[in-house]
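*Asks:* Heads up: the sequence shown is residues 1 to 355, going by UniProt numbering.
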Amino acid sequence: MTSTTKREVLVSARGLEVHFPVRSGGVLRRTTGVLRAVDGVDLDVYRGETLGLVGESGCGKSTLGNALLRLVPPTGGTVTFDGTDVTAMGRKELRELRRRAGMVFQDPFASLDPRRTVAQTVAEPLEVHGLHPGRQARAARVRELLELVGLDPAVAARYPHEFSGGQRQRVGIARALAGEPDFLVCDEAIASLDVSVQAQVLNLLRRLQRQLGLTLLFVSHDLSAVRHVSDRIAVMYLGRVVEVGPAAAVAAEPQMPYTRALLSAVPLPHPALERSRQRIVLRGDVPSPARVPSGCRFRTRCPDVFEPCPDVDPALQPVGSAPGHVAACHLHGVVGKPVQRERPDEPVTAGDPAT
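1. What does the Cβ neighbour count give for residue 321, buried or exposed, with the cut at 16 atoms within 10 Å?
2. How many Å lie between residue 111 and residue 174 at the Cα?
3. Excluding the 5 residues preceding and the 5 following residue 208 in the sequence, name in chain order all residues of the same chain whose CB lies nearer than 8 Å to its CB.
4. Taking buried to mean at least 16 other C-beta atoms within 10 Å of its own C-beta, is residue 211 buried or exposed?
5. Does the structure place the region 111–125 close enough to the region 188–206 that three or more beta carbon pairs sit under 8 Å?
6. Applying the criterion that 16 or more other CB atoms from any shown protein chain within 10 Å of the CB defines a buried residue, is residue 196 buried or exposed?
7. Would the beta-carbon of residue 223 fall within 8 Å of that of residue 205?
8. Sort 76, 80, 185 and 81 by Cα distance to residue 105 and report the nearest one.
9. Could you give the first and the last residue of the continuous alpha helix (DSSP H) run that contains residue 196?
10. Could you tell me the alpha carbon to alpha carbon distance between residue 290 and residue 136, rounded to whole angstroms?
11. What residues are listed by DSSP as bridge partners for residue 87?
12. Have a look at the DSSP bridge pairing and note the partners of residue 246.
13. Which residues does DSSP list as the beta-bridge partners of residue 317?
14. Considering only C-alpha positions, which residue in the set 87, 240, 134 and 179 is nearest to residue 145?
15. What's the call for residue 84, buried or exposed, on a 16-neighbour Cβ count within 10 Å?
16. Report the rounded CA-to-CA distance for residue 93 versus residue 16, giving the unit in angstroms.
17. Hey, residue 256 and residue 327: beta-carbon distance below 8 Å or not?
18. Straight-line CA distance for residue 243 to residue 316?
19. What does the Cβ neighbour count give for residue 240, buried or exposed, with the cut at 16 atoms within 10 Å?
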(Lines of atoms letter the chains of each structure in order from A and count residues from 1; the text may use other names and numbers.)
(Lines give C-alpha, C1' and ligand atoms only; values in the text may rest on other atoms or scores of the structure.)
Protein backbone atom coordinates (compact mmCIF):
# COMPACT_ATOMS: atom_id res chain seq x y z
CA MET A 1 0.00 0.00 0.00
CA THR A 2 1.22 3.46 -0.80
CA SER A 3 1.44 6.49 1.46
CA THR A 4 -0.80 9.51 0.86
CA THR A 5 1.72 12.00 2.28
CA LYS A 6 1.98 15.06 0.01
CA ARG A 7 -0.03 13.35 -2.70
CA GLU A 8 -2.31 15.14 -5.14
CA VAL A 9 -6.02 15.25 -4.33
CA LEU A 10 -8.08 14.18 -7.35
CA VAL A 11 -11.59 14.31 -5.85
CA SER A 12 -12.58 16.43 -2.86
CA ALA A 13 -15.88 16.97 -1.04
CA ARG A 14 -16.44 19.78 1.46
CA GLY A 15 -19.63 20.05 3.49
CA LEU A 16 -21.36 17.79 0.95
CA GLU A 17 -25.07 17.28 1.53
CA VAL A 18 -27.69 15.23 -0.29
CA HIS A 19 -31.12 15.65 1.29
CA PHE A 20 -34.38 14.20 0.03
CA PRO A 21 -37.84 15.54 0.94
CA VAL A 22 -40.07 13.25 2.99
CA ARG A 23 -43.66 13.47 1.74
CA SER A 24 -46.93 12.12 3.09
CA GLY A 25 -50.64 12.76 2.79
CA GLY A 26 -51.90 10.39 0.10
CA VAL A 27 -53.07 12.15 -3.08
CA LEU A 28 -52.38 15.62 -1.71
CA ARG A 29 -48.78 14.89 -0.83
CA ARG A 30 -46.95 17.47 1.23
CA THR A 31 -43.38 17.73 2.48
CA THR A 32 -43.20 16.75 6.13
CA GLY A 33 -39.45 16.53 6.65
CA VAL A 34 -36.02 15.93 5.19
CA LEU A 35 -34.10 12.67 4.84
CA ARG A 36 -30.40 13.42 5.34
CA ALA A 37 -28.77 10.74 3.17
CA VAL A 38 -25.43 12.60 3.08
CA ASP A 39 -25.12 15.26 5.76
CA GLY A 40 -21.98 17.38 5.73
CA VAL A 41 -19.22 15.13 4.42
CA ASP A 42 -15.60 16.25 4.11
CA LEU A 43 -13.54 13.74 2.15
CA ASP A 44 -10.46 13.67 -0.10
CA VAL A 45 -9.55 10.96 -2.61
CA TYR A 46 -5.89 11.01 -3.62
CA ARG A 47 -4.78 10.40 -7.19
CA GLY A 48 -3.73 6.79 -7.75
CA GLU A 49 -5.13 5.37 -4.51
CA THR A 50 -8.01 3.06 -3.64
CA LEU A 51 -10.20 4.55 -0.92
CA GLY A 52 -12.58 2.07 0.69
CA LEU A 53 -15.90 3.49 1.89
CA VAL A 54 -17.59 1.21 4.40
CA GLY A 55 -20.66 1.26 6.64
CA GLU A 56 -23.98 -0.39 7.34
CA SER A 57 -26.72 -0.52 4.72
CA GLY A 58 -28.54 2.82 4.56
CA CYS A 59 -25.66 4.91 5.88
CA GLY A 60 -25.38 6.92 2.64
CA LYS A 61 -22.35 5.27 1.00
CA SER A 62 -23.87 4.80 -2.45
CA THR A 63 -25.50 8.23 -2.39
CA LEU A 64 -22.12 9.79 -1.59
CA GLY A 65 -20.51 7.95 -4.51
CA ASN A 66 -23.27 9.11 -6.84
CA ALA A 67 -23.00 12.69 -5.58
CA LEU A 68 -19.24 12.79 -6.26
CA LEU A 69 -20.06 12.05 -9.93
CA ARG A 70 -23.13 14.31 -9.81
CA LEU A 71 -25.39 11.41 -10.70
CA VAL A 72 -27.57 12.76 -7.90
CA PRO A 73 -27.61 16.54 -7.38
CA PRO A 74 -26.01 17.74 -4.13
CA THR A 75 -28.23 19.99 -2.01
CA GLY A 76 -25.27 21.64 -0.28
CA GLY A 77 -21.51 21.80 -0.16
CA THR A 78 -19.03 21.40 -3.01
CA VAL A 79 -17.32 18.63 -4.98
CA THR A 80 -14.15 19.29 -6.94
CA PHE A 81 -12.63 16.95 -9.53
CA ASP A 82 -9.03 17.64 -10.52
CA GLY A 83 -9.44 21.20 -9.24
CA THR A 84 -12.75 21.92 -11.03
CA ASP A 85 -16.02 22.50 -9.17
CA VAL A 86 -18.33 19.65 -10.20
CA THR A 87 -21.40 21.29 -8.67
CA ALA A 88 -21.04 24.27 -11.03
CA MET A 89 -20.51 22.27 -14.23
CA GLY A 90 -22.73 22.76 -17.24
CA ARG A 91 -23.79 20.06 -19.69
CA LYS A 92 -20.60 20.21 -21.75
CA GLU A 93 -18.33 19.99 -18.71
CA LEU A 94 -20.40 17.15 -17.26
CA ARG A 95 -20.00 15.22 -20.51
CA GLU A 96 -16.23 15.43 -20.14
CA LEU A 97 -16.53 14.40 -16.48
CA ARG A 98 -18.48 11.29 -17.54
CA ARG A 99 -15.49 10.26 -19.63
CA ARG A 100 -12.90 10.86 -16.91
CA ALA A 101 -14.98 9.49 -14.01
CA GLY A 102 -17.02 6.30 -14.34
CA MET A 103 -18.94 3.83 -12.23
CA VAL A 104 -19.11 0.06 -11.77
CA PHE A 105 -22.63 -0.72 -10.57
CA GLN A 106 -23.75 -3.15 -7.90
CA ASP A 107 -26.04 -5.43 -9.90
CA PRO A 108 -24.37 -6.92 -12.99
CA PHE A 109 -27.73 -8.35 -14.07
CA ALA A 110 -29.60 -5.02 -14.10
CA SER A 111 -26.78 -2.73 -15.24
CA LEU A 112 -26.41 -4.30 -18.71
CA ASP A 113 -28.97 -3.86 -21.50
CA PRO A 114 -30.22 -7.38 -22.37
CA ARG A 115 -30.90 -6.31 -25.97
CA ARG A 116 -27.34 -5.23 -26.70
CA THR A 117 -24.35 -7.47 -27.34
CA VAL A 118 -21.21 -7.19 -25.25
CA ALA A 119 -19.48 -5.43 -28.15
CA GLN A 120 -22.27 -2.84 -28.39
CA THR A 121 -22.26 -2.29 -24.61
CA VAL A 122 -18.51 -1.78 -24.33
CA ALA A 123 -18.34 0.33 -27.50
CA GLU A 124 -21.07 2.75 -26.40
CA PRO A 125 -18.73 5.07 -24.39
CA LEU A 126 -16.34 5.10 -27.35
CA GLU A 127 -19.14 6.33 -29.61
CA VAL A 128 -20.49 8.87 -27.12
CA HIS A 129 -17.09 10.46 -26.49
CA GLY A 130 -15.72 10.10 -30.02
CA LEU A 131 -12.85 7.80 -29.04
CA HIS A 132 -11.11 5.44 -31.49
CA PRO A 133 -13.20 6.56 -34.49
CA GLY A 134 -13.97 4.05 -37.21
CA ARG A 135 -15.58 0.63 -37.03
CA GLN A 136 -12.35 -1.35 -37.15
CA ALA A 137 -10.58 0.83 -34.56
CA ARG A 138 -13.50 0.56 -32.13
CA ALA A 139 -13.80 -3.19 -32.62
CA ALA A 140 -10.09 -3.54 -31.88
CA ARG A 141 -10.47 -1.39 -28.74
CA VAL A 142 -13.40 -3.53 -27.57
CA ARG A 143 -11.30 -6.67 -27.98
CA GLU A 144 -8.48 -5.02 -26.04
CA LEU A 145 -10.80 -4.04 -23.18
CA LEU A 146 -12.28 -7.53 -22.95
CA GLU A 147 -8.81 -9.04 -22.73
CA LEU A 148 -7.90 -6.46 -20.09
CA VAL A 149 -10.69 -7.68 -17.77
CA GLY A 150 -9.98 -11.35 -18.40
CA LEU A 151 -12.61 -12.19 -21.03
CA ASP A 152 -12.10 -13.92 -24.35
CA PRO A 153 -12.67 -11.36 -27.17
CA ALA A 154 -14.70 -14.08 -28.94
CA VAL A 155 -17.60 -13.39 -26.51
CA ALA A 156 -18.12 -9.90 -27.97
CA ALA A 157 -21.09 -11.06 -30.09
CA ARG A 158 -22.94 -12.62 -27.14
CA TYR A 159 -25.73 -11.16 -25.00
CA PRO A 160 -25.70 -10.64 -21.20
CA HIS A 161 -28.02 -13.59 -20.46
CA GLU A 162 -25.31 -15.94 -21.75
CA PHE A 163 -22.89 -15.00 -18.95
CA SER A 164 -22.45 -15.72 -15.25
CA GLY A 165 -22.65 -12.93 -12.68
CA GLY A 166 -18.88 -12.60 -12.46
CA GLN A 167 -18.53 -12.42 -16.23
CA ARG A 168 -21.24 -9.78 -16.45
CA GLN A 169 -19.44 -7.69 -13.84
CA ARG A 170 -16.26 -7.97 -15.92
CA VAL A 171 -18.24 -6.61 -18.89
CA GLY A 172 -19.42 -3.74 -16.67
CA ILE A 173 -15.83 -3.00 -15.68
CA ALA A 174 -14.75 -3.07 -19.34
CA ARG A 175 -17.51 -0.59 -20.18
CA ALA A 176 -16.40 1.68 -17.31
CA LEU A 177 -12.81 1.58 -18.60
CA ALA A 178 -13.76 2.35 -22.20
CA GLY A 179 -13.65 6.12 -21.66
CA GLU A 180 -10.09 5.83 -20.28
CA PRO A 181 -11.12 7.32 -16.92
CA ASP A 182 -8.95 8.66 -14.12
CA PHE A 183 -11.51 7.85 -11.39
CA LEU A 184 -13.88 4.92 -10.85
CA VAL A 185 -16.60 4.53 -8.23
CA CYS A 186 -17.18 0.83 -7.55
CA ASP A 187 -20.59 0.80 -5.88
CA GLU A 188 -20.97 -2.54 -4.04
CA ALA A 189 -19.34 -4.11 -7.09
CA ILE A 190 -19.03 -7.57 -5.47
CA ALA A 191 -22.19 -7.65 -3.32
CA SER A 192 -24.24 -9.68 -5.83
CA LEU A 193 -21.51 -12.24 -6.57
CA ASP A 194 -20.60 -15.61 -5.08
CA VAL A 195 -17.73 -15.57 -2.55
CA SER A 196 -15.24 -17.28 -4.88
CA VAL A 197 -16.12 -14.87 -7.70
CA GLN A 198 -15.83 -11.90 -5.32
CA ALA A 199 -12.15 -12.71 -4.77
CA GLN A 200 -11.55 -12.84 -8.54
CA VAL A 201 -13.19 -9.44 -9.09
CA LEU A 202 -11.29 -7.90 -6.16
CA ASN A 203 -7.98 -9.15 -7.57
CA LEU A 204 -8.96 -7.83 -11.00
CA LEU A 205 -9.68 -4.37 -9.58
CA ARG A 206 -6.37 -4.32 -7.73
CA ARG A 207 -4.50 -5.31 -10.90
CA LEU A 208 -6.27 -2.70 -13.02
CA GLN A 209 -5.66 0.01 -10.42
CA ARG A 210 -1.92 -0.65 -10.49
CA GLN A 211 -1.68 -1.28 -14.24
CA LEU A 212 -3.68 1.76 -15.36
CA GLY A 213 -2.92 4.14 -12.49
CA LEU A 214 -6.62 4.41 -11.65
CA THR A 215 -8.09 6.15 -8.64
CA LEU A 216 -10.84 4.04 -7.05
CA LEU A 217 -13.59 4.69 -4.54
CA PHE A 218 -14.56 1.18 -3.43
CA VAL A 219 -17.96 1.27 -1.73
CA SER A 220 -18.92 -1.79 0.31
CA HIS A 221 -20.48 -2.99 3.56
CA ASP A 222 -17.90 -5.81 3.68
CA LEU A 223 -14.96 -4.62 5.77
CA SER A 224 -12.83 -7.67 4.96
CA ALA A 225 -13.11 -6.92 1.23
CA VAL A 226 -12.46 -3.23 1.78
CA ARG A 227 -9.37 -3.99 3.87
CA HIS A 228 -8.05 -6.30 1.12
CA VAL A 229 -8.32 -3.83 -1.73
CA SER A 230 -7.87 -0.36 -0.16
CA ASP A 231 -4.99 1.98 0.59
CA ARG A 232 -7.17 3.99 2.98
CA ILE A 233 -10.54 3.33 4.61
CA ALA A 234 -13.34 5.82 5.33
CA VAL A 235 -16.10 4.72 7.71
CA MET A 236 -19.57 6.21 7.29
CA TYR A 237 -22.47 6.31 9.75
CA LEU A 238 -25.87 7.94 9.25
CA GLY A 239 -24.81 10.29 6.46
CA ARG A 240 -21.48 11.34 7.97
CA VAL A 241 -17.87 10.12 7.64
CA VAL A 242 -16.78 9.27 11.20
CA GLU A 243 -13.28 7.81 10.68
CA VAL A 244 -10.65 7.92 7.93
CA GLY A 245 -7.15 6.51 7.88
CA PRO A 246 -4.65 4.14 6.33
CA ALA A 247 -6.22 0.71 5.86
CA ALA A 248 -3.73 -1.03 8.16
CA ALA A 249 -4.21 1.56 10.92
CA VAL A 250 -8.01 1.50 10.79
CA ALA A 251 -8.04 -2.31 10.83
CA ALA A 252 -5.47 -2.68 13.63
CA GLU A 253 -6.24 0.39 15.77
CA PRO A 254 -9.82 1.59 15.18
CA GLN A 255 -10.38 4.85 17.06
CA MET A 256 -14.17 5.11 16.77
CA PRO A 257 -16.49 2.74 18.74
CA TYR A 258 -18.57 2.22 15.60
CA THR A 259 -15.50 1.10 13.61
CA ARG A 260 -14.57 -1.32 16.40
CA ALA A 261 -18.07 -2.80 16.25
CA LEU A 262 -17.86 -3.24 12.47
CA LEU A 263 -14.48 -4.96 12.73
CA SER A 264 -15.72 -7.28 15.46
CA ALA A 265 -18.41 -8.54 13.07
CA VAL A 266 -15.87 -9.64 10.42
CA PRO A 267 -15.55 -13.45 10.64
CA LEU A 268 -12.09 -14.94 11.17
CA PRO A 269 -10.95 -17.89 9.01
CA HIS A 270 -9.43 -19.70 12.04
CA PRO A 271 -12.14 -21.63 13.98
CA ALA A 272 -10.42 -21.40 17.38
CA LEU A 273 -9.86 -17.65 17.08
CA GLU A 274 -13.40 -17.17 15.82
CA ARG A 275 -14.84 -18.92 18.89
CA SER A 276 -12.66 -17.08 21.38
CA ARG A 277 -12.80 -13.52 20.08
CA GLN A 278 -15.03 -10.89 21.68
CA ARG A 279 -17.82 -9.41 19.60
CA ILE A 280 -19.23 -5.94 20.14
CA VAL A 281 -23.02 -6.05 19.85
CA LEU A 282 -24.53 -2.60 19.42
CA ARG A 283 -27.75 -1.86 21.26
CA GLY A 284 -30.79 -0.39 19.56
CA ASP A 285 -31.49 0.30 15.91
CA VAL A 286 -29.93 2.75 13.50
CA PRO A 287 -31.86 6.04 13.82
CA SER A 288 -33.77 7.28 10.82
CA PRO A 289 -31.83 9.71 8.60
CA ALA A 290 -35.00 11.79 8.69
CA ARG A 291 -34.59 12.15 12.47
CA VAL A 292 -30.89 12.38 13.24
CA PRO A 293 -29.85 12.49 16.93
CA SER A 294 -28.39 15.70 18.32
CA GLY A 295 -24.67 15.91 18.95
CA CYS A 296 -22.84 12.70 18.04
CA ARG A 297 -25.21 10.77 15.82
CA PHE A 298 -23.78 7.45 17.02
CA ARG A 299 -24.45 8.19 20.72
CA THR A 300 -27.80 6.35 20.80
CA ARG A 301 -25.95 3.05 20.24
CA CYS A 302 -22.46 3.81 21.54
CA PRO A 303 -21.23 1.75 24.53
CA ASP A 304 -18.87 4.61 25.54
CA VAL A 305 -21.35 7.52 25.42
CA PHE A 306 -20.79 10.26 28.02
CA GLU A 307 -21.84 13.82 28.84
CA PRO A 308 -20.62 15.88 25.80
CA CYS A 309 -22.09 13.47 23.24
CA PRO A 310 -25.66 14.88 23.03
CA ASP A 311 -24.54 18.52 23.12
CA VAL A 312 -21.55 18.71 20.75
CA ASP A 313 -21.46 17.48 17.14
CA PRO A 314 -17.94 15.96 16.94
CA ALA A 315 -15.52 17.04 14.24
CA LEU A 316 -12.88 14.86 12.61
CA GLN A 317 -9.61 15.17 14.54
CA PRO A 318 -6.20 13.45 14.41
CA VAL A 319 -6.12 10.19 16.37
CA GLY A 320 -3.83 7.21 16.82
CA SER A 321 -0.20 6.98 15.75
CA ALA A 322 -0.56 6.76 11.96
CA PRO A 323 -0.35 9.97 9.90
CA GLY A 324 -3.67 10.90 8.31
CA HIS A 325 -5.77 8.90 10.79
CA VAL A 326 -8.76 11.00 11.92
CA ALA A 327 -12.00 10.23 13.77
CA ALA A 328 -15.09 12.13 14.90
CA CYS A 329 -15.30 10.98 18.54
CA HIS A 330 -15.26 12.83 21.89
CA LEU A 331 -13.19 10.01 23.45
CA HIS A 332 -10.19 11.76 21.88
CA GLY A 333 -11.12 15.24 23.10
CA VAL A 334 -14.24 17.38 22.86
CA VAL A 335 -13.86 19.08 19.48
CA GLY A 336 -16.88 20.09 17.44
CA LYS A 337 -19.92 22.32 17.14
CA PRO A 338 -22.30 22.86 20.08
CA VAL A 339 -25.91 21.94 19.28
CA GLN A 340 -29.31 22.65 20.82
CA ARG A 341 -31.10 19.57 22.16
CA GLU A 342 -34.85 19.38 21.66
CA ARG A 343 -35.11 17.69 25.09
CA PRO A 344 -32.42 19.15 27.39
CA ASP A 345 -33.35 16.72 30.18
CA GLU A 346 -32.63 13.71 28.00
CA PRO A 347 -30.48 11.09 29.80
CA VAL A 348 -27.08 10.26 28.31
CA THR A 349 -27.13 6.48 28.04
CA ALA A 350 -26.57 4.04 25.19
CA GLY A 351 -29.78 3.04 23.49
CA ASP A 352 -31.56 6.40 23.93
CA PRO A 353 -34.16 7.25 21.28
CA ALA A 354 -33.10 9.81 18.73
CA THR A 355 -33.98 13.38 19.51
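Every residue, glycine too, gets a C-beta built ideally from N, C-alpha and C.
*Replies:* Well, looking at it:
1. In the sequence shown, counting from the first residue as 1, residue 321 sits at position 321. Looking at its Cβ environment, which holds fewer than 16 other Cβ atoms inside 10 Å, residue 321 is exposed.
2. Translated into positions along the sequence shown, residue 111 becomes position 111. Translated into positions along the sequence shown, residue 174 becomes position 174. Cα-Cα distance, rounded: 13 Å.
3. Sequence index remark: in the sequence shown, residue 208 carries index 208 (1-based). Around residue 208: 148, 149, 173, 177 and 214.
4. On the sequence shown, residue 211 is found 211 positions in, with the first residue counted as 1. With fewer than 16 Cβ atoms within 10 Å of its Cβ, residue 211 is classed as exposed.
5. no
6. Here the question's residue 196 lines up with position 196 in the sequence shown. Classification for residue 196: exposed.
7. Counting from one through the sequence shown, the residue named residue 223 turns up at place 223. Counting from one through the sequence shown, the residue named residue 205 turns up at place 205. No, the pair does not count as a contact, with Cβ atoms beyond the cut-off.
8. Along the sequence shown, read from residue 1 onward, the residue named residue 105 stands at position 105. If we check each option's Cα against that of residue 105, 185 comes out closest.
9. As a working note, residue 196 is residue 196 in the sequence shown. Its alpha helix (DSSP H) spans residues 195–212.
10. Within the sequence shown, the letter at position 290 stands for residue 290. Within the sequence shown, the letter at position 136 stands for residue 136. Cα to Cα, residue 290 sits roughly 53 Å from residue 136.
11. Translated into the one-based positions of the sequence shown, residue 87 becomes position 87. Its beta-bridge partners do not exist; DSSP assigns none.
12. Counting from one through the sequence shown, the residue named residue 246 turns up at place 246. 232, per the DSSP bridge assignment.
13. Within the sequence shown, the letter at position 317 stands for residue 317. DSSP lists 327 as partners of residue 317.
14. Within the sequence shown, residue 145 is the residue found at index 145, counting from 1. It is 179.
15. Here residue 84 refers to the residue found at position 84 when the sequence shown is read from its first residue. So residue 84 ends up on the exposed side.
16. In the sequence shown, counting from the first residue as 1, residue 93 sits at position 93. In the sequence shown, counting from the first residue as 1, residue 16 sits at position 16. Looking at the two C-alpha atoms, the distance is approximately 20 Å.
17. For the purposes of this step, residue 256 is identified with residue 256 of the sequence shown, where counting begins at 1. For the purposes of this step, residue 327 is identified with residue 327 of the sequence shown, where counting begins at 1. Contact flag set, yes.
18. Residue numbering aside, residue 243 sits at position 243 when the sequence shown is read from its first letter. Residue numbering aside, residue 316 sits at position 316 when the sequence shown is read from its first letter. Cα to Cα, residue 243 sits roughly 7 Å from residue 316.
19. Residue numbering aside, residue 240 sits at position 240 when the sequence shown is read from its first letter. Residue 240 comes out buried.
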